[in-house]
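In terms of the numbering used here, the sequence shown opens at residue 3 and continues consecutively.
Beta carbons: idealized from backbone N, C-alpha and C, even for Gly.
Please read all numbers here as calculations on a predicted model, not as lab measurements.
Structure, as structure tokens:
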Amino acid sequence: FGVAFGVAFGVTFGVAFICGSLRLYFWPIEAIWMAAFRFAIVSGNAGRRLSGLPIHFDEIIVLPLPFLARFLATAYGNNQAATRQTLDYLTTHSHQQRAVQNAQRLIALQELERCDSPQSIAAVHRELSWLAQPPPPALGPILPALFDVSQDVAAALQATTFYRQQQLLAQLIETLRSLRERLVSTPHMAYQTGSVIDHWLRILQQAVTILQTQADSEGEIPPVYVAGGHLRTWEARTLFKGRVALFAEIENLLLSPRPPVLFLHGQRRTGKTSLLAHLPEKLPAEIIPLAVNMQGAAEAETHAGLAYRMAESMAESARRDRKLTVQSWPRSEFASDPFVVLGDWMTEVEKRVPNRKFLLCLDEFARLEEIVASTGSRAPLNFLRNLLEHRQRWMLLLSGSHLIAELAPYWSDYLINTRRLHISYLEPDEARDLIEHPTLSFESHMRYESAATEHILYLTHGQPFLVQLICADLVDHLNRENHRHKTTRNIVTVDDVEAVLNPAMEHGGFYFDELWQTASETERGVLKQIATETFVPANGTTEAIDRLQSRELIEPCQGGYRFQVPLIQRWVLNHLKSAPYQ
Numbered sequence: 003f004g005v006a007f008g009v010a011f012g013v014t015f016g017v018a019f020i021c022g023s024l025r026l027y028f029w030p031i032e033a034i035w036m037a038a039f040r041f042a043i044v045s046g047n048a049g050r051r052l053s054g055l056p057i058h059f060d061e062i063i064v065l066p067l068p069f070l071a072r073f074l075a076t077a078y079g080n081n082q083a084a085t086r087q088t089l090d091y092l093t094t095h096s097h098q099q100r101a102v103q104n105a106q107r108l109i110a111l112q113e114l115e116r117c118d119s120p121q122s123i124a125a126v127h128r129e130l131s132w133l134a135q136p137p138p139p140a141l142g143p144i145l146p147a148l149f150d151v152s153q154d155v156a157a158a159l160q161a162t163t164f165y166r167q168q169q170l171l172a173q174l175i176e177t178l179r180s181l182r183e184r185l186v187s188t189p190h191m192a193y194q195t196g197s198v199i200d201h202w203l204r205i206l207q208q209a210v211t212i213l214q215t216q217a218d219s220e221g222e223i224p225p226v227y228v229a230g231g232h233l234r235t236w237e238a239r240t241l242f243k244g245r246v247a248l249f250a251e252i253e254n255l256l257l258s259p260r261p262p263v264l265f266l267h268g269q270r271r272t273g274k275t276s277l278l279a280h281l282p283e284k285l286p287a288e289i290i291p292l293a294v295n296m297q298g299a300a301e302a303e304t305h306a307g308l309a310y311r312m313a314e315s316m317a318e319s320a321r322r323d324r325k326l327t328v329q330s331w332p333r334s335e336f337a338s339d340p341f342v343v344l345g346d347w348m349t350e351v352e353k354r355v356p357n358r359k360f361l362l363c364l365d366e367f368a369r370l371e372e373i374v375a376s377t378g379s380r381a382p383l384n385f386l387r388n389l390l391e392h393r394q395r396w397m398l399l400l401s402g403s404h405l406i407a408e409l410a411p412y413w414s415d416y417l418i419n420t421r422r423l424h425i426s427y428l429e430p431d432e433a434r435d436l437i438e439h440p441t442l443s444f445e446s447h448m449r450y451e452s453a454a455t456e457h458i459l460y461l462t463h464g465q466p467f468l469v470q471l472i473c474a475d476l477v478d479h480l481n482r483e484n485h486r487h488k489t490t491r492n493i494v495t496v497d498d499v500e501a502v503l504n505p506a507m508e509h510g511g512f513y514f515d516e517l518w519q520t521a522s523e524t525e526r527g528v529l530k531q532i533a534t535e536t537f538v539p540a541n542g543t544t545e546a547i548d549r550l551q552s553r554e555l556i557e558p559c560q561g562g563y564r565f566q567v568p569l570i571q572r573w574v575l576n577h578l579k580s581a582p583y584q
């Protein structure tokens with residue numbers, strides 16, 4: 003009897019202790035209490051009922067209260083200040099933090115859904131700035147991205163012209179479409195955030211249409227030229243010009259029985275990355291290009307970080323360019339044996355996408371040397387060699403501005419069967435098409451006198467970045483002149499081209515500075531003499547001349563040498579005036 007009594011007493015005491023600690027005696031009453039508060043949600047009086055929440059009378063409520071998150075979200079619509087005070091109180095004085103996170107998620111969703119104009123979308127990230135930064139994980143990966151879109155819409159609406167606003171909003175429409183496609187990987191958020199994304203898409207698409215009408219009515223010339231970064235995939239579909247023969251050669255090589263490693267080589271700002279962005283539009287459906295920008299991937303300090311970033315980039319490329327849902331794996335998966343895991347991931351991709359071939363495109367591939375140097379291991383290069391030797395459905399394209407001979411000697415052990423594809427200046431007809439017809443309808447907004455077009459061709463020698471640079475400045479020049487003089491002139495003359503050259507060289511200063519800084523002292527001396535037409539061959543200049551020719555800066559001419567791109571010669575002359583000893 004004594005033992006049974008002791009056991010019974012112990013169990014009773016334990017249950018009583020647990021119930022007392024968790025305050026289970028009060029929870030049914032508090033649950034009924036919250037159920038009654040649910041009617042305040044329906045009646046629209048939630049904002050006035052905040053002070054009556056059970057938590058204000060019993061701070062030690064351990065079990066979750068039903069309907070609390072929904073009640074707080076509804077109350078926020080009635081009384082934002084009081085609801086935020088209540089959320090702060092619950093965070094610091096209760097055990098209802100999970101309800102607080104759920105309430106924040108519901109509040110964010112309902113406020114994003116309430117946006118009814120580009121202006122309200124632009125303002126919502128400020129209105130919700132009281133949320134923790136970065137937002138709590140309970141909000142999921144999509145909601146923080148929508149906050150970024152809100153901030154970008156605010157910046158777009160500050161653009162100085164209707165066309166610039168339209169251009170920036172069009173980019174954000176692509177961002178929203180990309181977010182919608184990412185919902186496949188977050189099914190628990192798909193329904194709620196999907197409706198917000200679709201709602202915002204309709205608003206921004208309507209805004210773009212209105213801005214188009216406003217810009218057309220004012221005779222504004224659209225800023226369609228891209229003088230800066232490379233073309234993105236959706237831009238390349240309409241803005242990429244030329245390189246027809248190069249695309250044909252790439253396709254023929256990839257479809258051959260034993261395709262070589264393709265090495266796309268060209269000087270900086272000749273359109274290598276833009277060509278890769280346009281590759282999905284040019285290759286047949288049976289080949290899936292997967293782009294990896296090694297400039298970003300090589301920022302990883304470990305093999306695990308590099309392998310993870312490569313998988314992430316390939317998955318994103320497949321989704322963006324071929325609408326294929328290929329999930330990357332968590333970073334932790336790559337920790338133990340990074341490139342073996344990356345190979346396993348590729349095998350999984352092959353299973354998910356049968357009967358296709360994959361083209362791994364490594365842009366700025368020479369950045370791999372930094373990983374090799376920092377880790378003391380050639381594991382990334384061994385991985386690429388293994389890919390070429392043992393994966394029949396995978397091909398490799400490397401892109402960069404350095405020749406193989408200019409790289410570290412060990413590259414020759416890995417790139418044996420390599421086909422160099424040279425990308426240089428645009429052909430005259432290609433450059434002319436870029437100048438006069440950057441988009442299908444551009445001629446109705448701005449036209450060039452024949453002499454003006456030929457002058458641009460002469461100055462740039464078809465260098466794509468410089469063509470875009472001059473033409474972009476011409477658009478700004480005519481828009482400014484028309485605004486200043488209340489005119490609608492839209493025909494470019496040679497005088498207009500000359501008027502924008504100095505501003506263009508200033509705006510593109512980073513390009514010219516890089517050319518100058520990457521030249522040796524001897525090479526700069528040769529460039530100075532050729533620019534001033536005082537060059538006389540001398541001992542010690544042969545190697546410099548050869549290198550300048552390989553960089554496509556100079557070419558032989560009537561027993562001497564001249565600049566291939568006259569605009570670069572102008573920049574050198576200007577540089578000599580401002581800094582004669584540099």
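Checklist entry - Taking the C-alpha atoms as reference points, what is the distance between isoleucine 437 and aspartate 154? => result 30 Å
Checklist entry - Where threonine 377 and leucine 578 are concerned, what is the direct C-alpha to C-alpha distance, given to the nearest angstrom? => result 43 Å
Item to check | Range of the contiguous beta strand (DSSP E) that encloses glutamate 557 | outcome: 556 to 559
Checklist entry - For phenylalanine 59, does the count of other Cβ atoms within 10 angstroms reach 16, so buried, or fall short, so exposed? => result With a pLDDT of 48 at phenylalanine 59, under the threshold of 50, the predicted position of this residue should be treated as unreliable, though the coordinate-derived value follows. Phenylalanine 59 comes out exposed.
Checklist entry - Do valine 289 and leucine 264 have their CB atoms nearer than 7 Å? => result The identity of residue 289 in the sequence shown is isoleucine, whereas the question assumes valine. Not closer than 7 Å, so no.
Next on the checklist: Please state whether the Cβ-Cβ distance between proline 262 and tyrosine 165 is less than 7 Å.
Outcome noted: no
Item to check | Proximity of isoleucine 205 and leucine 308 at Cβ, strictly below 7 Å | outcome: no
Checklist entry - Quick one: what's aspartate 365 bridged to in DSSP? => result Asn295, Ser401
Checklist entry - Per DSSP, arginine 449 forms a beta bridge with which residues? => result Ile493
Checklist entry - Hey, quick one: how far does the beta strand (DSSP E) through leucine 424 stretch, first residue to last? => result The residue asked about is misnamed: residue 424 is histidine in this sequence, not leucine. Where histidine 424 is concerned, the enclosing beta strand (DSSP E) stretches over 420 to 424.
Item to check | CB of glutamine 297 within 7 Å of CB of glutamate 366, strictly | outcome: yes
Item to check | Opening and closing residue of the alpha helix (DSSP H) in which tyrosine 310 lies | outcome: 305 to 324
Next on the checklist: Pop quiz: proline 282 and aspartate 323 are said to be a contact at Cβ under 8 Å. What is the actual Cβ separation, rounded to whole angstroms?
Outcome noted: 4 Å
Next on the checklist: Please classify histidine 305 as buried or exposed, where buried requires at least 16 other C-beta atoms within 10 Å of its C-beta.
Outcome noted: buried
Item to check | Distance, glutamine 519 Cα to valine 342 Cα | outcome: 40 Å
Item to check | Spatial distance of serine 338 from proline 382 (CA atoms) | outcome: 15 Å
Checklist entry - Which partner residues of lysine 359 appear in the DSSP bridge assignment? => result Ile289
Item to check | Own chain residues within Cβ distance below 7 Å of alanine 368, not counting five before or after | outcome: Gly402, His404, Leu409
Next on the checklist: Distance check for serine 330 and valine 567, CA to CA, integer angstroms please.
Outcome noted: 44 Å
Item to check | glutamine 168, buried or exposed, once every other Cβ within 10 Å from all chains shown has been counted against 16 | outcome: buried
Checklist entry - With which residues is phenylalanine 265 paired in a DSSP beta bridge? => result Leu400, Arg422
Next on the checklist: Given a cut-off of 7 Å on the beta-carbon distance, is the pair proline 558 and tyrosine 227 in contact?
Outcome noted: no
Item to check | Cβ neighbour criterion (16 or more within 10 Å) applied to serine 219 | outcome: exposed
Next on the checklist: If distances are taken between C-alpha atoms only, which option among Ala433, Ile425, Leu370, Asp346 comes closest to lysine 243?
Outcome noted: Ala433
Checklist entry - Any idea what DSSP makes of tyrosine 563, helix, strand or coil? => result strand
Item to check | DSSP-derived helix/strand/coil call for glycine 49 | outcome: Low confidence applies to glycine 49: its pLDDT is 46, below 50, so where it sits in the model is not reliable, and the reading given next is rough at best. Of the three classes helix, strand and coil, the one that applies to glycine 49 here is helix, per DSSP.
Next on the checklist: Classify aspartate 498: buried if its beta carbon has 16 or more other beta carbons within 10 angstroms, exposed otherwise.
Outcome noted: buried
Item to check | Minimum C-alpha distance to glycine 527 - residue among Val477, Thr163, Leu550 | outcome: Leu550
Checklist entry - Which of the three DSSP states, helix, strand or coil, is assigned to serine 414? => result helix
Checklist entry - Whose CA, out of Ser122, Thr163, Trp236, lies closest to the CA of isoleucine 175? => result Trp236
Next on the checklist: Below 8 Å, how does it come out for the stretch 265 to 273 and the stretch 465 to 483: are there three or more Cβ pairs, yes or no?
Outcome noted: yes
Checklist entry - What are the start and end residues of the alpha helix (DSSP H) that includes histidine 392? => result 381 to 392
Checklist entry - Since alanine 546 and serine 522 are thought to touch, with beta carbons under 8 Å apart, how far apart are those beta carbons, to the nearest angstrom? => result 7 Å
Checklist entry - Cα-Cα, which of Ile532, Phe336, His127, Cys363 is closest to methionine 316? => result Cys363
Next on the checklist: Tell me which residues share the same chain as histidine 479 and place their Cβ nearer than 7 Å to its Cβ, disregarding the 5 neighbours each side in the sequence.
Outcome noted: Asp498, Ala501, Val502
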